[in-house]
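Colleague:
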């Protein structure tokens, strides 16, 4: 009788190791991709958020100005105390936003009004040429009533002069333009409407 040939054990397969490495590589790429999108999106949000906050706050002031005008026979507030006169109306406009847990920074009706972009802070100024005027005067000529200014302070009132776009606050590294509230157009940045027009009632 012949002895059966020695049987060599089967060679170990490296397939499991290869599959594990491939799946691990795919998982790392997916997790890395998701992390890159998350942190990239977060960086973009942080860059754009101040502009969104600024536009939103100008819209609150525009709405407050419209409500003030309706209750004061079409008159605009006085240049000397315009923020003090509009503050109760701004507080009404912003109350719901604060209660709804809005992720943006809503301005304080009793504080200085303006915008922040990085280290740059701007203020809101009332156009002194509109002092004591009626809203209809501003609507008919699309006159700037309130505008963004490099100066800051409460009840800031200045004669409106168009500012150079290059000197405006930056958005994602580029000048974003200056914001105004105009009688016939509402909230405007670089001659483009951003918010709702004033109520014509």
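In the numbering used here, the protein residues as written are 89 to 289. Even glycine gets a Cβ: it sits at the ideal position worked out from N, Cα and C.
Is it true that the stretch 153-171 meets the stretch 218-225, where meeting means three or more beta-carbon pairs spaced less than 8 Å apart?
Modeller: Touching, yes.
Colleague: Could you check where the beta strand (DSSP E) with residue 228 kicks off and where it finishes?
Modeller: First-last for residue 228: 223-229, but that is the alpha helix (DSSP H), not the beta strand (DSSP E).
Colleague: Just checking residue 149 against the ligand MG - is the residue's beta carbon closer than 7 Å to any of the ligand's heavy atoms?
Modeller: The model depicted lacks the ligand MG and carries no ligand whatsoever.
Colleague: Count the other C-beta atoms from every protein chain shown that fall within 10 angstroms of the C-beta of residue 182, then say buried if there are 16 or more, exposed otherwise.
Modeller: Residue 182 is buried by the Cβ-count criterion.
Colleague: According to DSSP, is residue 145 helix, strand or coil?
Modeller: Reduced to three states, the DSSP call for residue 145 is helix.
Colleague: First and last residue of the beta strand (DSSP E) that includes residue 237?
Modeller: Note, residue 237: beta strand (DSSP E), 232-237.
Colleague: So residue 277 is in the beta strand (DSSP E); what residue range does that whole segment cover?
Modeller: Here the beta strand (DSSP E) through residue 277 covers 274-277.
Colleague: With 16 other CB atoms within 10 Å as the buried threshold, where does residue 176 fall?
Modeller: Exposed is the call here.
Colleague: Ignore the nearest five residues each way along the sequence and tell me which others in residue 228's own chain have a CB closer than 8 Å to its CB.
Modeller: Excluding sequence neighbours, residue 228 sits near 271, 272.
Colleague: Between 237, 254, 238, 147, which lies nearest to residue 276 when the distance is taken from Cα to Cα?
Modeller: Selected option, being the one with the closest Cα: 147.
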